[in-house]
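Here is the structure we will look at.
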Ligand SMILES: [Zn+2]
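Quick look at the structure:
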């Protein structure tokens, strides 16, 4: 689908770096716009930080540098000469942002500070695949600083809400929002919270994450403020990263079918494609009607295209636009011209209907909602069918092998999680629900020891 629908080209010649083609880029721009709107509605402002990060910045927070250094691309020379200090291509930008936050934040009046950037980041990954794991990939990173821990914790909920507003409300991608186990948190964070969806091959995919940074980076970068009583304090910080790339992967894999992509209206580069069907002299009247329909729909704000290619048959065009996931197709032929109607085909159900000319605008508005609801209903059913419960190791193994996310009692020990990983390739403890409290949950489904948590486990990308 990646190649056939002309989303990316992997022939660039550098592993993990792909060329994004127009159809993918237009989808990506829509997704960026959706997140940027939510971020700005919740008080974030856009910035652009340099691509390069001096090594000494990266090294200031010990766990952070340990976690990221093995994946860093370094710039070591320029202009034919070796650089005095090497520069990292941003693998993530905490250290870039916070080097400036220590200058910008002085007083309680400077808080909260909520900034984001929409950029590519660079990580030297071993195994790569487009939209899932790249050495260059697209995301947003938001970096927030607060006067109190309570505000920072509230930010985590806001990030979850913003994820839901885009990923579920508009793109119909279902997910669980989980708190990662301590051994799987972001390097340098106190806690990591993440949204996981599951792809049809049974592997979960993290599509966004929020990190509670506590005061670790504030101490490492000396980010302090003076409160209204003249006392100096370290700030509390969070960072949030919706994975634009991975959301594209989820769109393709979850909504797509054997015919190609199936796109929700909001993300589709073309929302309505109009295909003229004519023989000989019918052409003029048919093309004229196509143009009228286009003007009508474009005037209402839809992204519309008339496929006027002369060297392709209507059938070929139908397949081509179905492959690319265009939600609605309007077919106009002699019958439609004479009868005062159009034929509308919806991609999600692959169903045709006849719509009177004067009802077209209202019908498209209704179908826009209806398509989203259909995708949501299908995605919800799909996601629910992928959730299982287990209380024994046999049940865990069976459920995971049949491609499910398993909810189970867990001892909380890293060794136990390690033994899962050793037994089933990719099997990971994904975490607990957000407000889950430690308690007595019987026996760990995997090792049989006392269970202190209820967790989700699954094979992961
Ligand atoms: Zn255990």
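Numbering (my numbering), first residue to last: 31 to 491.
All C-beta atoms in this analysis are idealised placements derived from N, C-alpha and C, irrespective of residue type, glycine included.
Bear in mind the structure is a predicted one, so any value in this text is a computation, not a measurement.
Proximity test, residue i beta-carbon vs ligand 1 heavy atom, cut-off 8 Å
i, result
"residue 443", "yes"
"residue 478", "yes"
"residue 440", "yes"
"residue 174", "no"
"residue 269", "no"
Alpha-carbon spacing of residue i relative to residue j, whole angstroms
i, j, result
"residue 275", "residue 167", "6 Å"
"residue 270", "residue 125", "14 Å"
"residue 49", "residue 156", "19 Å"
"residue 321", "residue 64", "30 Å"
"residue 307", "residue 423", "59 Å"
"residue 116", "residue 103", "10 Å"
"residue 32", "residue 248", "42 Å"
"residue 481", "residue 184", "29 Å"
"residue 277", "residue 197", "8 Å"
"residue 143", "residue 340", "55 Å"
"residue 324", "residue 337", "11 Å"
"residue 489", "residue 447", "12 Å"
"residue 86", "residue 93", "14 Å"
"residue 272", "residue 316", "45 Å"
"residue 433", "residue 46", "26 Å"
"residue 195", "residue 68", "8 Å"
"residue 392", "residue 163", "42 Å"
"residue 351", "residue 205", "28 Å"
"residue 439", "residue 182", "29 Å"
"residue 186", "residue 241", "8 Å"
"residue 51", "residue 279", "15 Å"
"residue 335", "residue 243", "47 Å"
"residue 258", "residue 264", "14 Å"
C-beta atoms of residue i and residue j nearer than 9 Å
i, j, result
"residue 238", "residue 222", "no"
"residue 37", "residue 230", "no"
"residue 203", "residue 83", "no"
"residue 119", "residue 81", "yes"
"residue 359", "residue 53", "no"
"residue 327", "residue 397", "no"
"residue 302", "residue 212", "no"
"residue 226", "residue 412", "no"
"residue 304", "residue 362", "yes"
"residue 141", "residue 177", "yes"
"residue 149", "residue 123", "yes"
"residue 297", "residue 60", "yes"
"residue 224", "residue 416", "no"
"residue 421", "residue 469", "no"
"residue 153", "residue 216", "no"
"residue 483", "residue 442", "yes"
"residue 250", "residue 90", "yes"
"residue 200", "residue 294", "yes"
"residue 330", "residue 394", "yes"
"residue 137", "residue 255", "yes"
CB contact check: residue i to chain D, cutoff 9 Å
i, result
"residue 55", "Absence of chain D from the displayed structure is noted, only one protein chain being present."
Residue i, buried or exposed, once every other Cβ within 10 Å from all chains shown has been counted against 16
i, result
"residue 343", "exposed"
"residue 370", "exposed"
"residue 44", "exposed"
"residue 8", "Here the chain has residues from 31 to 491 only, and residue 8 is not among them."
"residue 292", "buried"
"residue 134", "exposed"
"residue 106", "exposed"
"residue 42", "exposed"
"residue 384", "exposed"
"residue 261", "exposed"
"residue 76", "exposed"
"residue 407", "exposed"
"residue 188", "buried"
"residue 346", "exposed"
"residue 252", "exposed"
"residue 319", "buried"
"residue 465", "exposed"
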